[in-house]
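To start, the structure itself, in structure tokens.
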Amino acid sequence: MIMDGGGLAVRHWMRKPSFRISLLYAGVGLVWILLSDRAVRLLFSGSSLQAPLQTGKGVIYVLLTTGLLYLLIRRSELRAGSFYQMRMQDKQRHIQALESYKSAIESISDAMITLDDHWRFHYVNEEGAAVFQSTPDEMLGGNIWTRFPFLRNSRFEERMREVKESGAPRAVEEYFTRLESWFDIRAFPSEEGISVIFVDVTERKTAEDKLTHLVYHDSLTGAKNRTAFMSEVESAIHDAEKTKTPLAMLVMDVDRFKTINDTLGHPIGDELLKQMSRRLKEADVPGTKTVYRHGGDEFAVLVSGFGKIEQLERVTAGLIDALKAPYTLGKQHLTVDISMGASIFPDDAKDTRQMLQHADMAMYAAKESVHHTVQFYLDHVHQRVDAFRLEHDLQAALEKEEFVLEYQPRITVADGKVTGVEALVRWEHPERGRISPLEFIPIAEETGYILPLSSWIMEEAFSQWSKWKEDGMELQMAVNLSVRQIEEEQFIDRVEALLGKYQVPPASIEFEITESVLMYHLETSLQAVRELRRIGCRVALDDFGTGYSSLNYLKTIPADVVKIDRSFMKEIPDNAQDTAIVETIIRLASVLNMDVIAEGVETDRMLSFLKEQHCFGAQGYYISRPVPPQDIPELTQSTGQELPQETL
-16 MIMDGGGLAV RHWMRKPSFR ISLLYAGVGL VWILLSDRAV RLLFSGSSLQ APLQTGKGVI
44 YVLLTTGLLY LLIRRSELRA GSFYQMRMQD KQRHIQALES YKSAIESISD AMITLDDHWR
104 FHYVNEEGAA VFQSTPDEML GGNIWTRFPF LRNSRFEERM REVKESGAPR AVEEYFTRLE
164 SWFDIRAFPS EEGISVIFVD VTERKTAEDK LTHLVYHDSL TGAKNRTAFM SEVESAIHDA
224 EKTKTPLAML VMDVDRFKTI NDTLGHPIGD ELLKQMSRRL KEADVPGTKT VYRHGGDEFA
284 VLVSGFGKIE QLERVTAGLI DALKAPYTLG KQHLTVDISM GASIFPDDAK DTRQMLQHAD
344 MAMYAAKESV HHTVQFYLDH VHQRVDAFRL EHDLQAALEK EEFVLEYQPR ITVADGKVTG
404 VEALVRWEHP ERGRISPLEF IPIAEETGYI LPLSSWIMEE AFSQWSKWKE DGMELQMAVN
464 LSVRQIEEEQ FIDRVEALLG KYQVPPASIE FEITESVLMY HLETSLQAVR ELRRIGCRVA
524 LDDFGTGYSS LNYLKTIPAD VVKIDRSFMK EIPDNAQDTA IVETIIRLAS VLNMDVIAEG
584 VETDRMLSFL KEQHCFGAQG YYISRPVPPQ DIPELTQSTG QELPQETL
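Numbered per our numbering, the sequence shown finishes at 631, counting up by one with no gaps.
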């Protein structure tokens, strides 16, 4: 190893110009002396010229070597000068690059800092110092974690260490309580260590928070609204499943609230709702609760953190006591009766839809009860027997021709003309009278009997369209789709067969699919929608706005029509929040080239509002209740302002 090192040193020394020039001089001198002396002796041996020739030879040698040395040294000087000039040019370029880099950094309007490998401030611009309420001189050379300890254990520190370890850029949005500001922070590796840019986004975040608050909170009471409720129930159920703990949904409203509004006035009713919301939030009850205004005078409360049913009973009792205490509303002193229904996950329900349905059923059972203001949903023996009887009767109802279709007209808002109908099934039970679809459709879905029932509905609706066509009427026929239908392999074939059998143009049939079906059966629904549109039928998104992913469905589902849910229409145009939502849906659907049909139109003011917003279509009790097929021809001859009063 030593020999190798010494050899390298000798070779390096031999490459130097001084050694090479000396070696060349010595070599040329020796050759000259040896050759010239020998030539003189051979040619002038014994001659008197030998001495002068020796002197002349020496002079020539000196002159030649002097010239050679001059050339070699001059060549070396030229090379050195060229090398020096190149070095100076490189240095100048480096200086200019540094100046440009410094100018570029200083020209950045955003706050910027650079940290070295030991987390010390290497560079800080004025904006960067201002972020930390300091100056560049105070910060330079200091350790960021020691100088500003509030940054420790933050997402910012996590991202900085990730940049250092991975050598890849990172970004994070962070709120620093001490600075009372939000920052968009972007960090990336640099020659010095890590460069970090801070952009103050406090104004943007504040605006986003305000917008989110408007979207998810009720403008009257300040409580979370139905949109927040539908979204957060899903998350709460997921948490309850993970932790194996129960979750309760309480739904409540004021008995005879309409009477309060009608007799004391809407301002008194609004103030009552505000105070109810405040009392629900402030009620000191066990467990953890979240309060929502579900719509109208109805509130919902999610309760978690209870172990036994007795604890939940204490919660419901505490809430009822808080709500039933006397209210002072201006000069009015008022007490109210409250009906509350409770549904528990997972005992009473397996998903959001069931929880809400069962809590509603329990609340209406509470209204009918003389002794209780709170009713828990229980699958006791009587309920099971009643459901079993209904299921048994349902199996025979189709054969006995107990089902009928009624048709609810819908109008084109611009001219008020009836241009379409929605087919709605009704069950005329021989003993119990007319049974609501809300009661028998869920049982039909659960038992699978919905398939023959849906097939009958389609056949009846298509047949009726054909009869109207013979009478000179071509209406848009809307038919509701069930989950079981879209899951059936022969569904599209069945639709095509009926279109051919009754000579119905596919574009005259519109299949309505609800958000609840989309929520739990998205892929199956997408496939069914694509196939329906392939054969030329239209597709409508029904109950739009009630689900937590409504806007996403507009982008995902290739639909032709959006039907605004009646829950948004109830207080139009008085409710500013619902009004803004409906306006937004209409504009957005127009951009996406979709028709909008508003459900639940019950007043002239609602219809006028829709006309002002250029809404395509409308249906509701103000236009007409569902009617038998023989009443439709008369309605098609009327406008929205001329409909027979008996239909209202």
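Ideal Cβ placement from N, Cα and C applies to all residues, glycine included.
These figures come from a predicted structure and were not determined experimentally.
Chain-order list of residues whose beta-carbon lies under 8 Å from that of Phe653 (same chain, five-residue window excluded): Residue coverage of the chain in this structure runs from -16 to 631, which leaves residue 653 outside it and unanswerable.
For Leu306 and Met632, believed in contact at Cβ under 8 Å, the rounded distance: Absent from the structure is residue 632, since the part of the chain shown begins at -16 and ends at 631.
Residues near Asp362 by beta carbon distance below 7 Å, same chain, minus five either side: Only weak support exists for where Asp362 lies, its pLDDT of 45 falling under 50; the coordinates are left without a value.
Beta-bridge pairing of Thr97 - partner residues as DSSP gives them: Thr97 is bridged by DSSP to Tyr106 and Ser178.
Environment of Arg209 [buried if 16+ CB atoms lie within 10 Å]: Result: buried.
DSSP state of Pro489 mapped onto helix, strand, coil: It is helical.
Of the listed residues Ala348, Gly583, Ser326 and Thr356, nearest to Val319 (C-alpha basis): For Val319, the closest alpha carbon among the candidates Ala348, Gly583, Ser326 and Thr356 is that of Thr356.
Outcome for Glu582 when other beta-carbon atoms lying within 10 angstroms are tallied against a minimum of 16: Counting the other Cβ atoms within 10 Å of the Cβ of Glu582 gives 16 or more, which makes it buried.
Cβ-based neighbour list, Phe212, same chain, cut-off 7 Å, excluding 5 preceding and 5 following: Contacts found: Tyr275, His277 and Ala283.
For Val487 and Ala427, the rounded distance between their alpha carbons: Rounded to the nearest whole angstrom, the CA to CA distance from Ala427 to Val487 is 28 Å.
Status (buried if at least 16 other CB within 10 Å, exposed otherwise) for Tyr53: Counting the other CB atoms within 10 Å of its CB gives Tyr53 a total below 16, which places it among the exposed residues.
For Asp183, the residue or residues it bridges with in DSSP: Asp183 pairs with Phe166.
Short Cβ contact (8 Å threshold) for Asp331 with His341: Yes, Cβ-Cβ distance for Asp331 and His341 is below 8 Å.
Nearest-angstrom Cα separation, counted from Val268 out to Lys193: Each residue's alpha carbon lies about 30 Å from the other.
Environment of Phe371 [buried if 16+ CB atoms lie within 10 Å]: Label assigned to Phe371: exposed.
Of the residues Leu255, Leu263 and Thr228, the one placed nearest Lys291, counting alpha carbons only: Nearest of Leu255, Leu263 and Thr228 to Lys291, Cα basis: Thr228.
Arg467 and Leu434 closer than 8 Å at C-beta: Cβ atoms of Arg467 and Leu434: closer than 8 Å.
The beta strand (DSSP E) enclosing Asp578, as first and last residue numbers: Element bounds for Asp578: Asp578 to Ala581.
Cβ shell of Ala465 (< 7 Å), same chain only, five flanking positions each side left out: The sequence as given places Ser at residue 465; Ala does not occur at that position. Short of 7 Å from the beta carbon of Ser465, and not among the five residues preceding or following it, lie these beta carbons of its own chain, in chain order: Glu428, Ile433 and Ser437.
Cα-Cα separation between Ser149 and Asp561, rounded to whole angstroms: Cα to Cα, Ser149 sits roughly 49 Å from Asp561.
Bridge partner(s) assigned by DSSP for Pro392: Per the DSSP secondary-structure output, Pro392 pairs in a beta bridge with Val404.
Beta-carbon proximity check, Met232 vs Leu339, cutoff 8 Å: Yes, these two residues count as a Cβ contact at 8 Å.
The segment 140 to 155 / the segment 166 to 173 touching (three or more Cβ pairs under 8 Å): Enough Cβ pairs lie closer than 8 Å, so yes.
Start and end residues, alpha helix (DSSP H) containing Phe592: From DSSP, the alpha helix (DSSP H) with Phe592 extends over Asp587 to Glu595.
Backbone secondary structure at Asp526 - three-state DSSP: Three-state DSSP puts Asp526 in a strand.
Beta-carbon contacts of Phe551 that lie in its chain and below 7 Å, excluding the five residues immediately before and after: Correct list, in chain order: Gly528, Asp561, Ile564 and Val565.
CA-to-CA distance, Leu571 to His249, given in whole angstroms: Distance between the alpha carbons of His249 and Leu571 is about 32 Å.
Distance CB(Ile568)-CB(Glu514) smaller than 8 Å: Cβ atoms of Ile568 and Glu514: not closer than 8 Å.
Contact under 8 Å by Cβ, Gln613 with Val584: Not a contact, by the Cβ cut-off of 8 Å.
Glu470 versus Asp526 - alpha carbon distance: The alpha-carbon atoms of Glu470 and Asp526 are separated by roughly 20 Å.
Burial state of Ala689 (16 or more Cβ within 10 Å): Given that the chain is displayed from residue -16 to residue 631, the structure contains no residue 689 and the question cannot be resolved.
Straight-line gap, Leu263 to Val574 (C-alpha atoms, nearest Å): Approximately 41 Å between the Cα atoms of the pair.
Opposing strand residues paired with Glu411 [DSSP bridges]: Beta-bridge analysis with DSSP links Glu411 to Arg417.
4-residue-minimum alpha helix (DSSP H) runs that sit fully inside the segment 421 to 473, ordered along the chain: Runs found: 433 to 453 and 466 to 470.
Neighbourhood of Leu123 by C-beta, 7 Å cutoff - its chain only, sequence neighbours within 5 removed: So the list reads Phe104 and Val107, once near-sequence residues are dropped.
Residues sharing a beta bridge with Lys546, DSSP: When beta bridges are read from the DSSP output, Lys546 appears opposite Ile580.
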